[in-house]
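Residue numbers (full-length UniProt numbering): 1 to 253.
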């Protein structure tokens, strides 16, 4: 594994008497795309919230590029280069798709241009609009997009900030199946430019195509950390998450 962009050490979280995460430990290398899998209620969302600063652990440590970010506010974590998307992204009501992307530049200049009405040449924003199939809706209000289009826009905006680690929450939900293959290509291309990724996703075909490694949670504990092709050979993963019928299909495929 390359140098770690993210390290989680003995992370624990409980809501009252209910333990949500227990002794969670893993590392993500600077060159990795890692899937975060598990059944509903396994602790995936809580872990993603803790990593990105939208929640705080009760115990343990989170290191980003070797520095502790435990307890740090989400906006400060984002400024350091750890950015996330959401399962149900919200968009500004009065900004077009292109204006939202122009405002997403890391140096903040795009934000000033978007609100001043300048929004002129922005080759990077226009390139992302084309890459994420948003050209037909580029001049529409971002809030008017379909759920899938909002998801694509939120990923494009996150990538515009040039993150070191991008956390994706259900990136394919609502996205047209024909665009999912294109999304895999795009995310892999950004990975080669130095963007590590942590991906929460239920679409196993997407995970197999995109991720080189998967972490599987069940009842707040890591039960597997392996390549996607190894998941069907792990009895705990099959029992807790994949299901025996799925495992049989993969073995016979």
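The beta-carbon is built from N, C-alpha and C at its ideal position, and this holds for glycine as well.
This one's a predicted model, so the numbers in the text were calculated from it and none came from an experiment.
Residue from 223, 198, 182, 227 with nearest C-alpha to residue 239 = Position 239 of the chain shown holds residue 239. For the residues 223, 198, 182, 227, the minimum Cα distance to residue 239 belongs to 223.
How far does the beta strand (DSSP E) with residue 38 in it reach, from first residue to last?
-> In the chain shown, residue 38 corresponds to position 38, counting from 1. Residue 38: not part of any beta strand (DSSP E); DSSP gives it neither H nor E.
Which word fits residue 84, buried or exposed, when buried means at least 16 other C-beta atoms lie within 10 angstroms of its C-beta?
-> Here residue 84 refers to the residue found at position 84 when the chain shown is read from its first residue. Classification of residue 84: buried, given that the 10 Å Cβ count is 16 or more.
Looking only at C-alpha atoms, which of 38, 21, 25 sits nearest to residue 236?
-> Start at 1 with the first residue of the chain shown, and residue 236 comes out as number 236. Minimum Cα distance to residue 236 is reached at 38.
Assign residue 123 to buried or exposed, taking buried as 16 or more other Cβ atoms, counted over all protein chains shown, within 10 Å of its Cβ.
-> The residue you call residue 123 lines up with position 123 of the chain shown. Residue 123 comes out exposed.
Apart from the five residues just before and just after residue 68, which ones in its own chain have a Cβ nearer than 8 Å to its Cβ?
-> Stepping through the chain shown from its first residue, residue 68 is reached at position 68. The answer, listed in chain order, is 61, 62.
Taking the continuous alpha helix (DSSP H) assigned at residue 181, which residues delimit it?
-> Along the chain shown, read from residue 1 onward, the residue named residue 181 stands at position 181. Element bounds for residue 181: 177-192.
What's the gap between the Cα of residue 125 and the Cα of residue 230?
-> As a working note, residue 125 is residue 125 in the chain shown. As a working note, residue 230 is residue 230 in the chain shown. Rounded to the nearest whole angstrom, the C-alpha separation of residue 125 and residue 230 is 38 Å.
Cα-Cα, which of 177, 89, 28 is closest to residue 157?
-> As a first step, residue 157 must be located in the chain shown, where it is residue number 157. Ranking the options by Cα distance to residue 157, first place goes to 89.
For residue 102, the first and last residue of its enclosing alpha helix (DSSP H) | Walking along the chain shown from the start, residue 102 turns up at place 102. From DSSP, the alpha helix (DSSP H) with residue 102 extends over 97-102.
Close Cβ partners of residue 234 (< 6 Å) along its chain, the five nearest in sequence each way excluded | For the purposes of this step, residue 234 is identified with residue 234 of the chain shown, where counting begins at 1. Correct list, in chain order: 224.
Return the bridge partner residues of residue 9 from the DSSP annotation.
-> Walking along the chain shown from the start, residue 9 turns up at place 9. Paired residue(s): 61.
Could you please give me the residues that DSSP links to residue 29 through a beta bridge?
-> Counting from 1 along the chain shown, the entry for residue 29 is found at position 29. DSSP output for residue 29 lists 4 as bridge partner(s).
DSSP three-state call for residue 221: helix, strand or coil?
-> Indexing the chain shown from 1 puts residue 221 at position 221. In the structure shown, residue 221 adopts extended strand secondary structure according to DSSP, grouped into three states.
Residue 221 to residue 139 span [Cα, whole Å] | Reading the chain shown from its first residue, position 221 is the one you call residue 221. Reading the chain shown from its first residue, position 139 is the one you call residue 139. Cα to Cα, the separation comes out at about 45 Å.
When the distance is taken between beta carbons, is residue 43 closer than 8 Å to residue 21?
-> Here the question's residue 21 lines up with position 21 in the chain shown. Here the question's residue 43 lines up with position 43 in the chain shown. Going by C-beta atoms, residue 21 is nearer than 8 Å to residue 43.
Is the Cβ-Cβ distance between residue 199 and residue 168 less than 8 Å?
-> In the chain shown, counting from the first residue as 1, residue 199 sits at position 199. In the chain shown, counting from the first residue as 1, residue 168 sits at position 168. Their beta carbons are under 8 Å apart, which means residue 199 touches residue 168 by this criterion.
From residue 52 to residue 172, what distance separates their C-alpha atoms?
-> As a first step, residue 52 must be located in the chain shown, where it is residue number 52. As a first step, residue 172 must be located in the chain shown, where it is residue number 172. Rounded to the nearest angstrom, the two C-alpha atoms are 20 Å apart.
Backbone secondary structure at residue 67 - three-state DSSP = Locating residue 67 in the chain shown gives position 67, counting from the first residue. Three-state DSSP puts residue 67 in a strand.
Would you mind working out which of 70, 142, 87, 73 sits nearest residue 101, comparing C-alpha positions?
-> Within the chain shown, the letter at position 101 stands for residue 101. Checking every option, the nearest Cα to that of residue 101 belongs to 142.
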